[in-house]
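**Student:** Numbering (this note's numbering), first residue to last: 1 to 251. Just so you know, even glycine gets a beta-carbon here, dropped at the ideal spot from N, CA and C. Predicted model only: the values in this text are computed from it and were never measured. There's a structure below that I have some questions on.
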């Protein structure tokens, strides 16, 4: 019947996603400001919808989807590399699986399940900056991934490598760095106040902008390694008479 071509512009994609992130962060700050400044606890449901620290919110849906999009692009690159038997094809697939897991975790907050067991097992150490105790295994995991992918990073084109490192710095800086700072503040002052809400905004903004940079890097790398990205819609075999394709061009 024909081919539908998806044209992926890295610059337009990055700008569009950056605008979405700015909008989500602004909506969080405004609704949280109204909540703590004027005492509104519901705001017609907008408080929950735009709360960056809420599991069932627009921001959580967006973050999960953007991480899944990363997994899709990583898989596409992996397939292209596997086709030419590239030495790092496995690494692209491994990253795709990692980002698929991050997407699921973002929606379900699975990492939060580690907090209480770690607090019980390490009561002396899971206070202050380590109040959100999942950051302990999280930091170790990040270090392990970085070590395992050092050669992979070194083999990337320089500008793509720099974008990868920037994306990782932003994402980890938010997910771990500001999470640690937020943990210290939460252990002293709790989580139900405007200052903590602002810390959450900073944390989530860094994470989401990190993913935007990564998506820009991945789409740019796809542009370097493939001529174009196509989505091919195939009709039913044999061109049945009831299909739109079989009727196309008939008088």
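What residue range is occupied by the uninterrupted alpha helix (DSSP H) comprising residue 138?
**Tutor:** That run of the alpha helix (DSSP H) goes 135-148.
**Student:** Return the CA-CA distance between residue 197 and residue 182, expressed in angstroms with no decimal places.
**Tutor:** Roughly 9 Å separates the two Cα atoms.
**Student:** Helix, strand or coil, according to DSSP, for residue 86 in the structure here?
**Tutor:** Reduced to three states, the DSSP call for residue 86 is coil.
**Student:** Should residue 11 go down as buried or exposed, given a rule of 16 or more other Cβ atoms within 10 Å for buried?
**Tutor:** With fewer than 16 Cβ atoms within 10 Å of its Cβ, residue 11 is classed as exposed.
**Student:** Can you list, in chain order, the residues of its chain whose CB lies under 7 Å from that of residue 153, leaving out five sequence neighbours each side?
**Tutor:** The residues are 161, 164.
**Student:** Please report how far the alpha carbon of residue 236 lies from the alpha carbon of residue 217, in whole angstroms.
**Tutor:** At residue 236 the pLDDT is 47, less than 50, meaning the model places this residue with poor confidence; the figure from the coordinates comes in the next sentence. Going from the Cα of residue 236 to the Cα of residue 217 covers about 37 Å.
**Student:** Residues in its own chain within less than 8 Å of residue 176 by CB, not counting five upstream and five downstream?
**Tutor:** So the list reads 135, 138, 139, 142, once near-sequence residues are dropped.
**Student:** Can you tell which of 213, 214, 224, 207 has its C-alpha closest to the C-alpha of residue 60?
**Tutor:** For residue 60, the nearest C-alpha among the options comes from 207.
**Student:** Expressed to the nearest angstrom, what Euclidean distance is found between the alpha-carbon atoms of residue 195 and residue 58?
**Tutor:** For residue 195 and residue 58, the distance between alpha carbons rounds to 22 Å.
**Student:** Is the beta carbon of residue 221 less than 8 Å from the beta carbon of residue 77?
**Tutor:** Yes, they are a contact pair.
**Student:** Short of 6 Å in beta carbon distance, which residues of its chain neighbour residue 130, apart from the five on each side in sequence? Order them along the chain.
**Tutor:** Answer for residue 130: no residue qualifies.
**Student:** On a Cα-Cα basis, can you pick out the residue from 93, 20, 103, 81 that is closest to residue 67?
**Tutor:** The shortest C-alpha separation from residue 67 is found at 103.
**Student:** Any heavy atom of the ligand NAD within a distance shorter than 7 Å of the CB on residue 218?
**Tutor:** Absence of the ligand NAD from the depicted structure is noted, as is the absence of any ligand whatsoever, leaving it without description.
**Student:** Could you tell me how far apart the beta carbons of residue 205 and residue 174 are, in whole angstroms, since I believe they sit closer than 8 Å?
**Tutor:** That belief holds up - the Cβ atoms of residue 205 and residue 174 are roughly 7 Å apart, short of 8 Å.
**Student:** What's the gap between the Cα of residue 34 and the Cα of residue 189?
**Tutor:** Distance between the alpha carbons of residue 34 and residue 189: 20 Å.
**Student:** Mind reading off the beta-carbon distance from residue 50 to residue 91? Whole number of angstroms is fine, and I expect it under 8 Å.
**Tutor:** Not confirmed; about 37 Å, so no contact.
**Student:** Drop a sphere of 10 angstroms on the beta-carbon of residue 28, count the other beta-carbons inside from all chains shown, and report buried for 16 or more, exposed for fewer.
**Tutor:** That one is buried.
**Student:** May I ask you to report which of helix, strand or coil DSSP gives residue 227?
**Tutor:** For residue 227, the predicted structure reports a pLDDT of 47, less than 50, and the residue's modelled location is therefore unreliable. A value from the coordinates is still provided. Correct three-state label for residue 227: coil.
**Student:** If you drop the 5 nearest sequence neighbours on each side, which residues of the same chain put their C-beta closer than 6 Å to that of residue 119?
**Tutor:** So the qualifying residues of the chain are 126, 133.
**Student:** Relative to the alpha-carbon of residue 109, which residue among 210, 54, 14, 186 has its alpha-carbon at the smallest distance?
**Tutor:** Measuring from the Cα of residue 109, the nearest candidate turns out to be 54.
**Student:** Using the rule of at least 16 other Cβ atoms within 10 Å of the residue's Cβ for burial, across every protein chain shown, is residue 9 buried or exposed?
**Tutor:** The residue is exposed, with fewer than 16 neighbouring Cβ atoms inside 10 Å.
**Student:** Quick one: measure Cβ to Cβ for residue 24 and residue 62, integer angstroms, because I've assumed they're closer than 8 Å.
**Tutor:** Contact flag correct, Cβ pair sits at about 6 Å.
**Student:** Check whether the Cβ atoms of residue 212 and residue 21 sit closer than 8 Å, and answer yes or no.
**Tutor:** Closer than 8 Å, so yes.
**Student:** Can you tell me the Cα-Cα spacing of residue 83 and residue 64, whole angstroms?
**Tutor:** If you take the alpha carbons of residue 83 and residue 64, they lie about 29 Å apart.
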